[in-house]
Amino acid sequence: MSEPPIQPTSPTPRTSTPAPRPSVPKPDSITRRRTPQEELEVLIRARYPIIYVVSWEEERVERCLRTIADSRNKKLLVWTVTQGIVKSGAEPQRSKSTSGNTTDPIAALDAVIDQVEPAIYLFKDFHLFTSGDRCNMQVIRRLRDVAHHVRDTYKSIVIVSPVMNIASDLAKDITVVEFGLPGPEDFNQLLLRIVEDVKDNPQIRINLDGEARERLLNAARGLTLKEAENVFAKTLVLDGKLDADDISVVFSEKQQIIKKSGLLEYCDTPEEINQVAGLKNLKEWLTKRTIAFSDRAAKYGLPSPKGVLLLGVQGCGKSLCAKAIAGLWKLPLLRFDLGRMFSSLVGSSEENIRRAIVTAESIAPAILWIDEIDKALAGSSNGGGSDGGTASRVFGTLLTWLSEKTSPVFVIATANDISNLPPELLRKGRLDEIFFVDLPLEEERQEIFKIHLRRRGRRSSEFNLLELSKLSDGFSGAEIEEAITSALFDSFSRQVPLDTDIIKASLAETVPLSKTMHEEINRLRNWAAGRARPASGVVARVMEDPRRKIEL
Ligand SMILES: Nc1ncnc2c1ncn2[C@@H]1O[C@H](COP(=O)(O)OP(=O)(O)O)[C@@H](O)[C@H]1O
Ligand SMILES: [Mg+2]
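See below:
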């Protein structure tokens, strides 16, 4: 995959306008990162004809535009598919009768041309007509005409959409602004408003000193303004007060929201690192970094680790390790379902991944676990041409964040295959290390037997571990575990104690994946040699071809 065509530059817009020459010193107002509102105002004043705002928060965008419209003496008109063009803030029922026939997108665009007064038009629902199933070529054509027309007027069109979905014909006429999620200052404004609203109610107490307030505002990061408002309201209803204790309510509410978004999932079953057999190098590397996120480490001058990629054979403990790191470092583990994001269920956009990142950062220090990253990418490129662009943009967002991130969010990505992995991910600087997780060697298999027998309440000294490990050559950890479980079923049904022979029989019935997939595994080993660090501390070896070579 090549470098993604569009990089996330929030809240700086992506335009085709050439950047100013670097030699000219830039005033502070240009170099400083502008807020989305400032950004919108600059674009409107510079008369960019069509601005496409990516945000879930229509209300927040509308409020922001209203402020701009008021300060510039313009009208703010809002178009929706059900009401047509109405004045911002108009009551839904009443406005219907006065809207004429502007519910049709082309009629609405005509109305924009006819209108002469300075105005900002906020188009909601409009993205449905410019791409996807309902994409309408006439609407796109008309929009381009209008773009041309409004350039010389005091009118601007703002399209707000939760997803970045622009037909390629429109790419040059549209400027994209990523609105991003609200920051602590937005939440602070919200809090001030709530305090103002409830100040006459004697039953409600708000008790937030400087530090508690800051923590509460930080805890809300990752929520939309509406969601934060709901959470604050909920805490007030629950106990009539808003104080430091409510930070935990915000966190638990965030778990709900994380679940609903369908992208991130809290894994509250961390494993202990001593439940992972073998993988000595990897475990040492991780153990050394146990206190890496502490203040003490930062003061010492240690950078916080960025992340690792665990690449290797299926069933050899990669996912297990991700959970074990959370247990070892005692940090929350967030599983990021990249595959699901590419499915139509959640809607694909960089905004989704940005939200996942902000959420992870808001509970940092935390571990962000991207399991089977290769599968997600393979799935996304099979989904048709248009999806390929989304996948690379989403991936671009992730990569940019990885190389720029300063927040203590540690990323663990796992992959079974390299063919779908973009080379950028493997480049130095993005992640700290790539570990190759191979099939377990003999001593490692002994350890795996020991761990899994103990887990099931058996004394490992009663089994011939050496014999079992010799017989399980080529087995993955998962397959060894499976053999033990099936032996347990055997012994249970025969009502005899589990012993080495029963496990041996169960091993004999299993054909390990490495037999059928030895070519893939070899390919992986060859790739990993020299590029990745062996997780087990033993140099990866090339598996011998079990087939006899015959010269004819
Ligand atoms: N090195 C290992 N030590 C202990 N158990 C292992 C090991 N490798 C695999 N297993 C067992 O196999 C199961 C599946 O492994 P998993 O971590 O999901 O593999 P993958 O590498 O495909 O992510 C684990 O939950 C664990 O019970
Ligand atoms: Mg796995």
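Numbering (the working numbering), first residue to last: 1452 to 2003. The beta carbon of each residue, even a glycine, is placed where N, CA and C say it ideally should be. Fair warning: this is a prediction, and the values are worked out from it, not measured in the lab.
Relative to the C-alpha of arginine 1740, which residue among Tyr1605, Val1727, Lys1769, Leu1779 is closest?
Leu1779
Assigned exposure category for histidine 1903 - 16 Cβ within 10 Å defines buried:
buried
Compare the beta carbon distance of glycine 1768 and valine 1888 with 8 Å and say whether it is the shorter of the two.
yes
Does ligand 2 have a heavy atom nearer than 7 Å to the CB of serine 1619?
no
Can you find the residues in the same chain that come closer than 8 Å, C-beta to C-beta, to glutamine 1765, ignoring five residues on each side of it along the sequence?
Asn1867, Ser1927, Ala1929, Leu1964
Please specify which runs of the alpha helix (DSSP H), each continuous and at least 4 residues long, are wholly inside the segment 1602–1653, giving them in chain order.
1635–1649
Same chain, Cβ closer than 7 Å to isoleucine 1742, five either side skipped, listed in chain order:
Ala1748
Reduced DSSP category for tyrosine 1499 - H, G, I as helix; E, B as strand; rest coil:
coil
Give me, in chain order, the residues of the same chain whose beta-carbon lies closer than 6 Å to that of aspartate 1719; leave out the 5 immediate sequence neighbours on both sides.
none
Within this structure, are the beta carbons of aspartate 1883 and valine 1759 separated by less than 8 Å?
yes
Per-residue burial, valine 1947 [other beta carbons within 10 Å of its own, 16 or more giving buried]
exposed
Using only the alpha-carbon positions, how far apart do aspartate 1697 and glycine 1691 sit?
11 Å
On the three-state DSSP scale, how would you describe leucine 1528?
strand
Identify whether arginine 1740 lies in helix, strand or coil by the three-state DSSP scheme.
coil
So for valine 1947, helix, strand or coil by DSSP?
coil
Considering only heavy atoms of ligand 1, does any lie closer than 7 Å to the CB of valine 1862?
no
Measuring only between beta-carbons, confirm whether glutamate 1895 sits less than 8 Å from chain B.
No chain B appears in the structure shown, which is made up of a single protein chain.
Regarding aspartate 2027 and ligand 2, is the C-beta to nearest heavy atom distance less than 7 Å?
The question about residue 2027 has no answer, for the chain in this structure spans 1452 to 2003.
Aspartate 1941 to isoleucine 1953, Cα distance in whole Å?
7 Å
Tell me which same chain residues have a C-beta within less than 6 Å of the C-beta of proline 1816, skipping the five on either side of it?
Phe1744, Leu1782, Pro1859
Does the Cβ-Cβ distance between phenylalanine 1861 and proline 1756 come in under 8 Å?
yes
Report yes if the CB atom of threonine 1518 is closer than 8 Å to the CB atom of glycine 1673, and no otherwise.
no
Between isoleucine 1808 and the rest of its own chain, which residues show a CB-CB distance below 6 Å, the 5 nearest in sequence each way excluded?
Trp1852
Contact check, tyrosine 1499 vs leucine 1528, beta carbons under 8 Å
no
In the DSSP assignment, what are the bridge partners of proline 1891?
Answer by DSSP bridge pairing: none, since proline 1891 is not bridged.
Taking only three categories from DSSP, how would you classify valine 1845?
helix
Rounded to the nearest angstrom, what separates leucine 1594 and leucine 1560 at their Cα positions?
7 Å
Which value, in whole angstroms, describes the spacing of the CA atoms of proline 1473 and alanine 1497?
With a pLDDT of 42 at proline 1473, under the threshold of 50, the modelled position of this residue cannot be trusted; read the value that follows with caution. Taking the straight line from one Cα to the other gives about 21 Å.
Taking the alpha helix (DSSP H) that lysine 1538 belongs to, which residues open and close that run?
Lysine 1538 -> not in any alpha helix (DSSP H); beta strand (DSSP E) instead, spanning 1535–1538.
Pick from Ile1617, Ser1607, Ser1703, His1600 that is closest to methionine 1588, judged by C-alpha positions
Ile1617
Top-ranked residue by Cα proximity to glutamate 1918, from Leu1668, Gly1908, Leu1958, Thr1857
Leu1958
Is the beta carbon of lysine 1526 sitting closer than 8 Å to the one on glutamate 1492?
no
If you measure from the CB of threonine 1865, is any heavy atom of ligand 2 nearer than 7 Å?
yes
Note down, in chain order, each residue of its chain lying with its Cβ closer than 6 Å to the Cβ of serine 1607, except the 5 sequence neighbours on either side.
Ile1495, Ile1571
Is it buried or exposed for serine 1987, if we count other Cβ within 10 angstroms and need 16 for buried?
buried
Can the beta-carbon of threonine 1951 be found less than 8 Å from the beta-carbon of asparagine 1977?
no
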